[in-house]
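One structure below.
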Amino acid sequence: MGDNMKDFSQKIYNLRKKHKISQSDLGKMLGISNRAVSKWETGISVPSTQNFVRLSEIFGVSMSYFFGEETKIAETPRGMESLTELYKVGRGPSSSHTIGPERACIIFKDKHKNADEFSVTLYGSLAKTGKGHGTASVIKKTFAPKPCTIEYNHNGGKIKHPNTMDIKALKDGKIIDSSRIYSVGGGSIQFEGEKLVEKKEIYKETSFREIADYCRQKKKRLWQYVEENENKDFYKFMENIWQEMKNSIENGLEDEGVLPGGLGVQKKAKYLYNVQHIDESAQTKENRVVCAYAFAVSEQNASGEKIVTAPTCGASGVLPAVMYYYQKKNEYTDKEIIHALETAGLIGNLIKTNASISGAECGCQVEIGSACAMASAALAELFDLTIDKIEYAAEMAIEHHLGLTCDPIGGYVQIPCIERNAVAAMRAINGVNLASFLSDTRKISFDKVVKVMKETGHDMSCRYKETSEAGLAKIEL
Ligand code: SF4
C-alpha cells in the first residue's frame, strides 16, 4: 500500500470537517451508516471505488486528491490477514463497545500492577450507548478485584474518534499514569501516541477460485492451505478458540433469567435444550438441540460474557452450535473440528476482505449470512466433501441471506439477533445436505455471490444498517 493510500482516513476526516458535515450526514449522502464513515476515518476500512467517486463529487475534489500520483485504484485486495484477526475471544455484545475496551483495560492493568485503583472516562458513542452495551460492567469486571470508577462524558470535547476512553491508574489516591485509548472497531484498539500496528496480509490469494485452484493442484484440503500460511503457534491459537466456543455453549446452557438491557428478554437456551416436542422426531430433536446451542452462545454474548467472534459478536452462535452438535453426534475429535474451523475462518476471511463483515456497513447479511456460510463450509469440511461442495454450501448460505437488514430492537443485540443465530445454524446444516447432492449443477460461484452481497449492502439504505432507525428496530415492545 502506497503512502497516499495510508492518508485516506485523514483526508476524508479533514474534508468532512472543512465542509462541516457530520459523519451521520455524510453517511446519509452515501447511503451508508455513520459507523461506516467512522471506520474509513480511523483506517479500519477503505471506501469502495464507487464511494471514492461520490466523495470527490460531494467535496468538490478530484480523485487525484485522494490518490496523489497513484491514479489506479486497487479494486482487488492485495492479500488477506491472519485468521487470528477474525476469531477473537472477548466479552459481548459488541466488538467496539466491549471487546475493545476490555483489551485496553487488560493491557493497562498489566502495565500498572502496583496501582490500587483505576478510573475510566468514556466519551462519544462509548458514553452514549456504553450503558446499554455493557461497557462499564466489562471494564469493572476486567479491573476486579481492584476498584474502578466510571464516568460518562457526554460533552466529548475534542475527541478524535467516536469510541474514546481515558484510563487512569491511582496509588494512595494519586494518579500515577493515564492513557487515552480509541476502540477503533472489530475489537481493535489504539493507544494515543502509539503507532497503529500495520496489519499484515499473510495470504496472497484473495479469491476462493485462486485458493481452490491451488489446493486442487497441490492436492490439499482448505484447512491445510490455512495452516501452510499461518505461523507455528496457529494451531494452539485454534485449540483455544474451540475451547472458548465450547465454554460459551456450556455456560449458556446453565444460565437462566432475563437478559440485561430492559427489553425483558428471557434466556431460553436451557429451556430449549431440556424441553421435548409432544411428537418429537429425530429431525425435530436435531433442530431443537442445535438451536439451544446457538441460543446459549448468543445469550452469553447479550449478557456481556465471553464469546468468540465468528465472524462478529452478534453472529457468534451459528458456527459453534453446528460444530458442537456434530461433535457430540458423530464423535469427531477436537482436531477434526479445528480443521473445520480453519476452513470456516478462510470463508469468513474471504468475505471480510472482498465485502465486509460489519452490519453497520452492509447489514445483517454480512454478519449472520457470513456466519451461516462459515458454518456450512465447516460442516462440509467435517463431512470430507470436495472443494466444489464446500464452495457450494458456503455460496448457498450467503445467497439466501442477501438483503438481510440490521435492525435490532432498542439497539440491543437480542431481538432478532438471537433467533437469527439459531435459524442460520439450522440453515447451514440443510444447505450442506443440499450441496452434497447438487453441486455439479450449480451456476453461481462463491466469489460472485460475495461481490453481490457487497453491492447489495452498499445499495441498502443506512436506516437498515445498525442505526435503529427502521425495520424491527422501530417496533415498540
Ligand atoms: S441484526 Fe444487526 S446486531 Fe443483530 S446480529 Fe444482525 S448485524 Fe448483528
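At position 187 of the sequence shown the residue is numbered 187 (our numbering), and the sequence of numbers has no breaks. Glycine included, each C-beta is placed from N, C-alpha and C at the ideal position.
* Would you report the Cα separation of E381 and Y332, rounded to the nearest angstrom? -> If you take the alpha carbons of E381 and Y332, they lie about 12 Å apart.
* Return the first residue and the last residue of the beta strand (DSSP E) that E151 is part of. => That run of the beta strand (DSSP E) goes C148 to N153.
* To do: Any chance you could list the alpha helix (DSSP H) runs of at least 4 consecutive residues sitting entirely within the stretch 18-91, in chain order?
  => Listed in chain order, the alpha helix (DSSP H) runs fully inside the stretch 18-91 are 23-30, 34-41, 49-59 and 63-67, counting runs of at least 4 residues.
* Smallest Cα separation from D172: which of A375, M165, K335 and A115? -> When only C-alpha atoms are compared, the closest one is A115.
* Indicate, with yes or no, if the ligand SF4 has a heavy atom lying under 7 Å from the CB of R463. => At a threshold of 7 Å, R463 does not count as near the ligand SF4, since its beta carbon sits no closer than that to any of the ligand's heavy atoms.
* 8 Å contact criterion, which A302 and P93 should meet: CB distance rounded -> So it is a contact: roughly 5 Å between Cβ atoms.
* **Any non-hydrogen atom of the ligand SF4 closer than 7 Å to R481 Cβ** => This structure does not reach residue 481, given that the chain is present from 1 up to 477, and the question cannot be answered.
* **Near the ligand SF4: V413 beta-carbon under 7 Å from a heavy atom** => Remark: the shortest separation between the CB of V413 and any heavy atom of the ligand SF4 falls under 7 Å.
* Contact the stretch 389-400 vs the stretch 433-445: 3+ CB pairs below 8 Å -> Segments in contact, yes.
* Looking only at its own chain, which residues have a Cβ that is under 7 Å from the Cβ of Y13, when we skip the five neighbours before and after it? -> Closer than 7 Å at Cβ, skipping near neighbours: E41.
* **Integer Cβ distance of V226 from G345, believed to fall under 8 Å** => Contact between V226 and G345 is confirmed by a C-beta separation of about 7 Å, below the 8 Å threshold.
* How many Å lie between T71 and I58 at the Cα? -> Low confidence applies here, because T71 scores a pLDDT of 36, under 50, leaving its location unreliable; read the following figure in that light. Rounded to whole angstroms, T71 to I58 spans 19 Å at the Cα level.
* Just the Cα atoms here: how many angstroms apart are K474 and Y412? -> Distance from the CA atom of K474 to the CA atom of Y412, rounded to whole angstroms, is 12 Å.
* **Alpha carbon of I175 to alpha carbon of R78, nearest angstrom** => Cα to Cα, I175 sits roughly 45 Å from R78.
* Cα separation between G348 and R180? -> G348 and R180: Cα-Cα distance of roughly 31 Å.
* Using DSSP with H/G/I as helix, E/B as strand and the rest coil, what is V265? -> Coil, per DSSP.
* May I ask which residues mark the beginning and end of the alpha helix (DSSP H) holding E210? => Taken as a continuous stretch (DSSP letters only), the alpha helix (DSSP H) holding E210 covers F208 to K218.
* To do: Could you give the DSSP three-state label for Y488: helix, strand or coil?
  => Since the first residue of the chain shown is 1 and the last is 477, residue 488 is not available in this structure.
* Does the pairing of the stretch 202-209 with the stretch 116-124 give three or more beta-carbon distances under 8 Å? -> Touching, no.
* V289 versus S298, Q300, D279 and V275, residue with shortest Cα-Cα distance -> Of the candidates S298, Q300, D279 and V275, the one whose C-alpha sits nearest the C-alpha of V289 is V275.
* Asked: In chain order, what residues of the same chain have a beta carbon less than 7 Å from the beta carbon of L272, not counting five sequence neighbours either side?
  -> Spatial neighbours of L272 in its own chain (CB-CB distance under 7 Å, excluding positions within 5 residues in sequence) are listed in chain order as R288, C291, A292 and F295.
* **Reduced DSSP secondary structure (H/G/I, E/B, other) of D166** => The answer is strand: DSSP assigns D166 an E or B state.
* What is the rounded straight-line gap between the Cα of I189 and the Cα of I167? -> Going by C-alpha positions, I189 is about 13 Å away from I167.
* To do: Compute the beta-carbon to beta-carbon distance between A375 and L319, rounded to the nearest angstrom, for a pair I have assumed lies under 8 Å.
  => For A375 against L319, the beta-carbon gap comes to about 5 Å, under 8 Å, which counts as contact.
* Asked: Do the stretch 362-376 and the stretch 248-256 touch if we need at least three Cβ pairs shorter than 8 Å?
  -> Output reads no: the stretch 248-256 does not touch the stretch 362-376.
* Does the separation of the CB atoms of R216 and I444 fall below 8 Å? -> For the 8 Å CB-CB criterion, R216 and I444 do not form a contact.
* To do: Please say whether L477 and I409 have beta carbons closer to each other than 8 Å?
  => The Cβ atoms of I409 and L477 lie closer than 8 Å to each other.
* Asked: In or out: E69 buried (at least 16 other Cβ within 10 Å) or exposed?
  -> Residue placement at E69 cannot be trusted, given a pLDDT of 43 that sits under 50; the coordinates are not used to answer.
* **Straight-line Cα distance separating K18 from M238** => About 46 Å.
* Asked: What does E117 pair with, by DSSP beta-bridge criteria?
  -> Answer is L170, bridged to E117.
* To do: Mark M460 as exposed unless 16 or more other C-beta atoms lie within 10 angstroms of its C-beta, in which case mark it buried.
  => Burial call: buried.
* Tell whether a beta-carbon distance below 8 Å holds between A397 and A422. => Contact annotation: A397 and A422 have beta-carbon atoms that are not nearer than 8 Å.
* To do: Please report the residue range of the alpha helix (DSSP H) in which S137 lies.
  => Membership of S137 in the alpha helix (DSSP H) is indicated by the continuous run T135 to F143.
* To do: Measuring alpha carbon to alpha carbon, tell me which of K28, M29, S33 and L26 ends up nearest G359.
  => Minimum Cα distance to G359 is reached at S33.
* **Beta-carbon proximity of L222 to M165, cut-off 8 Å** => No, these two residues do not count as a Cβ contact at 8 Å.
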